[in-house]
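A.B. asks: Attaching a single structure in structure tokens format; questions to follow.
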Amino acid sequence: MLQKLNERIQGVVAWLVVILIGITFTLFGVDYYLQSRQTTSAKVVVNDYPLTLQAFDTNYRRARAMQDMSQLTAADEKKLQNQVLDQMINNEVLVQAARKNGFNVSADQANAAILNIPQFQEDGHFSAQKYQQALNAALFTQSSFQNEVKQGMLLNQQRFAFMGSSFALPDEIDRFVSLYMQSRDYEYLIVPVSRFEKDVQISQKAIADYYNKHKREFMSPEKVSLDYVTLSMHDIKNKVNVSEDDVKRYYEDNQSNYLTPAQWQVAHILFAVPQGANKDELEKIQNKANSAYLLLQKDPKQFDHLVSKLSDDKLSIADNGVLPWITAGQNEYSKFLSHLTTPGQISSPEKTKHGYEIFKLIDYKPVTTKQLSEVDASIKEQLVVEMAQTHYTQAMEQLSDLSYQSPDSLKPVADALKLKIEKTQPFSREGSTESITKNKQVINAAFSNDVLDLGNNSEPIQIDNDSVVVVRVNQHWPEKEQFLDAVQDRIKKILVKKVAESTAKKIGMSLLNPGEEKQQQELIISNQLEWKPVVKATRDNDKEDAEINDMAFNLLRPESKDGFVLPNGDYAVVKLKHINDGKLNELDGEAQDSLTQQIEASYGMMDYDLYAKSLMSRAKIVKH
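In our numbering, each number is its position in the sequence shown, counted from 1, plus 1.
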């Protein structure tokens, strides 16, 4: 069973790689500098196994890179840190349980998955250069990434074990279909606020009274303008020079990164060894393979005939035993094929995990090395990025030190790092449309006690993955009261909307009263309202307003009705006409099978979630 599960999850790890590699990780700013000072002491101990501070920091920076940095507040960062730590703990508990339960992923399986990940391929083949560049960018070594992939595959094995063993009874499937595939006929009407706004009269006294009671709502907000300097990886990168000698030296020192591994296309004859075969059975199968090989030595043209007559690989017989292309290092087969270089060559019987196999070479692509001219541009770009990252880290430290040592001015920072002091337009605590002043971290710093009240420079604030700013207040405008004349039009609109909403709600609720059909019909006609019919609406119907559709599915029985206020103030009334239960026999066989599998998989996932919660409740977790 475990072997079948192993085969099922070979491609599943793709989701993990998309997350880890699909992002440009230029994270060598403040976080990188801090990590360089980390120790390997434990952040948390899970069942006596330590998760280090360094591992937490690396995982946190990966998670942080997926966030919108401009909207990340200090509270958001703390929440994200907790989420990352909780996920690390949860994963560790599940990985420990999976290993204890006998699940396993070998290095060969992980490597095979890595070799087939599209992000690491070039022209359809695995690229060692792209692989190494991606690992460097994501702060991985080959060993640590392989371990990450192994853990992802291991957890999927355990998850699939639950999904593969769950089942659903016929009655459960029928009930699910009856509810989930249910449709409803209903009608609804909207009592629009706009219909009543034009008739609303608001007196000057009402406006003045509202103003006097709600003066705090009409204050001119506190504002500041800022001076700031920006340290940008992009700007540093544009100033980095890499010579042709640097590129050539790197190429010569890292030629293994530019190899395209050998590939073989072979046909095979499989003499399968059944599980649990004894010594005599093994010898009999080996003799059968040796006899076939002796025959092929005399007459190689008999290969296709022997495939159809002797091979136990029934799937490849139709193609005369031809297998997909095999890449060196991808699986165990490459070691059996290393001596095959000329099409037509036939190997002696090889003992593989499937039994004894005879291979015939169909086509061969030898290992090749890309010329410097093919990769010099990418090498130069890589070296530029690496040098820029080093300069950026050094400049980051200098920026932090100087802005702290001279807290009352940005000039020392600007002069030392050759940065321009820029200014913002005035903005409130709500921010503005400027890229820097819509950043929550900048807004929080600008209105903080240290920066606003004490007049200090801010600490470096990360704007995105490759730039930070230091800000200080240039000018401050306190909050002040606005006069009535400046806000009376705004107040009038508020009061008109309130009266119109009240009228719409009153009419709508009148339409819900039982036994008043005649009066309700007159109300509908006089206010130019109309019922809109909806036939066979499903739960995910997107033709009507989602809230109206949800209301229709919340009504318990036909002819019942209810109403509610829509977000825009309109009042909606919904009347249920008929309930149409879903029927399994209306689905074709393929759809029924697919639905059954989904239900069973959902049961398996629920079981797995309960299992995971049980493990967490029993786990010994010590946070430091």
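Just so you know, even glycine gets a beta-carbon here, dropped at the ideal spot from N, CA and C.
Mind checking who I580 pairs with in its DSSP beta bridge?
C.D. replies: Mapped onto the sequence shown, residue 580 falls at position 579. Bridge partners of I580: R185.
A.B. asks: How many angstroms separate the CA atom of I525 from the CA atom of S204?
C.D. replies: Taking the first residue of the sequence shown as 1, we reach residue 525 at position 524. Taking the first residue of the sequence shown as 1, we reach residue 204 at position 203. Going by the C-alpha atoms only, they are around 30 Å apart.
A.B. asks: Alpha carbon to alpha carbon, how far is M220 from E480? Give it in angstroms, no decimals.
C.D. replies: Mapped onto the sequence shown, residue 480 falls at position 479. Mapped onto the sequence shown, residue 220 falls at position 219. Whole-angstrom Cα-Cα distance: 7 Å.
A.B. asks: Please report the distance separating the alpha-carbon of K584 from that of A43.
C.D. replies: Mapped onto the sequence shown, residue 584 falls at position 583. Mapped onto the sequence shown, residue 43 falls at position 42. So the two alpha carbons sit approximately 56 Å from each other.
A.B. asks: Helix, strand or coil for M220? Go by DSSP, reduced to three states.
C.D. replies: By one-based count along the sequence shown, residue 220 stands at place 219. DSSP places M220 in strand when its eight states are reduced to three.
A.B. asks: So, using beta-carbon positions, are F57 and V45 closer together than 9 Å?
C.D. replies: The sequence position of residue 57 within the sequence shown is 56, counting from 1. The sequence position of residue 45 within the sequence shown is 44, counting from 1. Yes. Within cutoff.
A.B. asks: Quick one: using the 10 Å Cβ neighbour count with 16 as the cut-off for buried, is G103 buried or exposed?
C.D. replies: Taking the first residue of the sequence shown as position 1, residue 103 is located at position 102. Around the beta carbon of G103, fewer than 16 other beta carbons sit within 10 angstroms, so the residue counts as exposed.
A.B. asks: Taking Cβ positions, are I270 and A293 nearer each other than 9 Å?
C.D. replies: In the sequence shown, residue 270 corresponds to position 269, counting from 1. In the sequence shown, residue 293 corresponds to position 292, counting from 1. Result yes, Cβ atoms of I270 and A293 sit closer than 9 Å.
A.B. asks: Work out the CA separation of V488 and K498 for me, nearest whole Å.
C.D. replies: To locate residue 498, count along the sequence shown from 1; it is residue 497. To locate residue 488, count along the sequence shown from 1; it is residue 487. Distance between K498 and V488, taken at the CA atoms: about 16 Å.
A.B. asks: Taking Cβ positions, are R63 and A501 nearer each other than 9 Å?
C.D. replies: Position 62 of the sequence shown, counted from the first residue, corresponds to residue 63. Position 500 of the sequence shown, counted from the first residue, corresponds to residue 501. Taking 9 Å as the Cβ cut-off, R63 and A501 do not qualify as a contacting pair.
A.B. asks: To the nearest angstrom, how far is the alpha carbon of K249 from that of L373?
C.D. replies: Residue numbering aside, residue 249 sits at position 248 when the sequence shown is read from its first letter. Residue numbering aside, residue 373 sits at position 372 when the sequence shown is read from its first letter. Cα-Cα distance, rounded: 7 Å.
A.B. asks: My guess is that L411 and R491 are in contact by the Cβ rule of under 8 Å, so how many angstroms apart are they, rounded?
C.D. replies: Counting from one through the sequence shown, the residue named residue 411 turns up at place 410. Counting from one through the sequence shown, the residue named residue 491 turns up at place 490. 39 Å between Cβ atoms; not a contact.
A.B. asks: What do you get for D610, buried or exposed, if any count of 16 or more other CB atoms within 10 angstroms of its CB means buried?
C.D. replies: The count along the sequence shown starts at 1 and reaches residue 610 at position 609. Its Cβ having fewer than 16 others within 10 Å, D610 is exposed.
A.B. asks: Relative to the alpha-carbon of D541, which residue among S184, F428, I286, P325 has its alpha-carbon at the smallest distance?
C.D. replies: Along the sequence shown, read from residue 1 onward, the residue named residue 541 stands at position 540. Of the candidates S184, F428, I286, P325, the one whose C-alpha sits nearest the C-alpha of D541 is S184.
A.B. asks: Contact defined as beta carbons within less than 8 Å: I believe D313 pairs with G322. What is the distance between those atoms, to the nearest angstrom?
C.D. replies: As a position in the sequence shown, residue 313 is number 312, starting the count at 1. As a position in the sequence shown, residue 322 is number 321, starting the count at 1. No, D313 and G322 are not in contact; Cβ-Cβ is about 11 Å, not under 8 Å.
A.B. asks: For R160, count neighbouring Cβ atoms within 10 angstroms of its own Cβ and tell me buried if that reaches 16, exposed if not.
C.D. replies: Here the question's residue 160 lines up with position 159 in the sequence shown. That one is buried.
A.B. asks: Report the CB separation of S167 from D608 in whole angstroms; it is logged as a contact under 8 Å.
C.D. replies: By one-based count along the sequence shown, residue 167 stands at place 166. By one-based count along the sequence shown, residue 608 stands at place 607. That belief holds up - the Cβ atoms of S167 and D608 are roughly 6 Å apart, short of 8 Å.
A.B. asks: Quick one: what does DSSP say T370 is sitting in, helix, strand or coil?
C.D. replies: Taking the sequence shown and counting its residues from 1, one reaches residue 370 at position 369. The answer is strand: DSSP assigns T370 an E or B state.
A.B. asks: Any idea what DSSP makes of G322, helix, strand or coil?
C.D. replies: Taking the first residue of the sequence shown as 1, we reach residue 322 at position 321. The answer is coil: DSSP assigns G322 none of H, G, I, E or B.
A.B. asks: Specify the secondary structure class of A278 as computed by DSSP and reduced to three states.
C.D. replies: By 1-based counting over the sequence shown, the position of residue 278 is 277. Per DSSP, reduced to three states, the secondary structure at A278 is coil, with no helix or strand assignment.
A.B. asks: Skipping 5 residues on each side, what residues in its chain have a beta carbon closer than 7 Å to that of F146?
C.D. replies: Position 145 of the sequence shown holds residue 146. Excluding residues within five positions, the ones whose Cβ falls inside 7 Å are L136.
A.B. asks: Short of 7 Å in beta carbon distance, which residues of its chain neighbour I22, apart from the five on each side in sequence? Order them along the chain.
C.D. replies: In the sequence shown, the residue the question calls residue 22 occupies position 21. Any reading at I22 is ruled out, since the residue's pLDDT is 36, under 50, leaving its predicted position unreliable.
A.B. asks: Would you kindly work out how many angstroms separate the C-alpha atoms of D416 and K439, rounded to a whole number?
C.D. replies: In the sequence shown, residue 416 corresponds to position 415, counting from 1. In the sequence shown, residue 439 corresponds to position 438, counting from 1. The C-alpha of D416 lies about 27 Å from the C-alpha of K439.
A.B. asks: Note the first and the last residue of the continuous beta strand (DSSP E) segment covering Y609.
C.D. replies: Reading the sequence shown from its first residue, position 608 is the one you call residue 609. Segment 590-619 is the alpha helix (DSSP H) holding Y609; no beta strand (DSSP E) there.
A.B. asks: Assign L35 to buried or exposed, taking buried as 16 or more other Cβ atoms, counted over all protein chains shown, within 10 Å of its Cβ.
C.D. replies: Taking the sequence shown and counting its residues from 1, the one referred to as residue 35 is at position 34. Residue placement at L35 is poorly supported in this model, since its pLDDT is 32, which falls under 50; the coordinates are not used for a value here.
A.B. asks: Less than 9 Å between the C-beta atoms of L512 and G564, yes or no?
C.D. replies: Reading the sequence shown from its first residue, position 511 is the one you call residue 512. Reading the sequence shown from its first residue, position 563 is the one you call residue 564. Taking 9 Å as the Cβ cut-off, L512 and G564 qualify as a contacting pair.
A.B. asks: Let me know if S527 comes out buried or exposed under the rule of 16 or more other beta-carbons within 10 Å of its beta-carbon.
C.D. replies: Locating residue 527 in the sequence shown gives position 526, where the first residue counts as 1. Label assigned to S527: exposed.
A.B. asks: Quick check: what's the CA-CA separation for E517 versus S179?
C.D. replies: The residue you call residue 517 lines up with position 516 of the sequence shown. The residue you call residue 179 lines up with position 178 of the sequence shown. Their Cα atoms are separated by approximately 35 Å.
A.B. asks: Just to confirm, is the Cβ distance from M397 to V452 under 9 Å?
C.D. replies: Here residue 397 refers to the residue found at position 396 of the sequence shown. Here residue 452 refers to the residue found at position 451 of the sequence shown. Result no, Cβ atoms of M397 and V452 do not sit closer than 9 Å.
A.B. asks: In chain order, what residues of the same chain have a beta carbon less than 8 Å from the beta carbon of L420, not counting five sequence neighbours either side?
C.D. replies: For the purposes of this step, residue 420 is taken as the residue at position 419 of the sequence shown. Closer than 8 Å at Cβ, skipping near neighbours: V230, T231, L232, V414.
A.B. asks: Where do the N-terminal and C-terminal ends of the alpha helix (DSSP H) with G509 fall, by residue?
C.D. replies: One-based indexing of the sequence shown puts residue 509 at position 508. Its alpha helix (DSSP H) spans residues 485-511.
A.B. asks: Could you check how far apart the C-beta atoms of V267 and F360 are, in whole angstroms? I think they sit under 8 Å.
C.D. replies: Along the sequence shown, one-based indexing puts residue 267 at 266. Along the sequence shown, one-based indexing puts residue 360 at 359. Yes, V267 and F360 are in contact; Cβ-Cβ is about 5 Å, under 8 Å.
A.B. asks: Distance, Cα to Cα, N555 vs H579?
C.D. replies: Translated into the one-based positions of the sequence shown, residue 555 becomes position 554. Translated into the one-based positions of the sequence shown, residue 579 becomes position 578. Each residue's Cα considered, the two are about 13 Å apart.
A.B. asks: Less than 9 Å separating the beta-carbons of L307 and L295?
C.D. replies: As a position in the sequence shown, residue 307 is number 306, starting the count at 1. As a position in the sequence shown, residue 295 is number 294, starting the count at 1. Between L307 and L295, the gap from beta carbon to beta carbon reaches 9 Å or more.
A.B. asks: Taking Cβ positions, are V311 and K285 nearer each other than 9 Å?
C.D. replies: Locating residue 311 in the sequence shown gives position 310, counting from the first residue. Locating residue 285 in the sequence shown gives position 284, counting from the first residue. In the sequence under discussion, the amino acid at residue 311 is Leu, which differs from the Val named in the question. Against a cut-off of 9 Å, the Cβ pair of K285 and L311 comes out as no contact.
A.B. asks: What are the residues that DSSP puts in a beta bridge with H126?
C.D. replies: Start at 1 with the first residue of the sequence shown, and residue 126 comes out as number 125. Its beta-bridge partners are E123.
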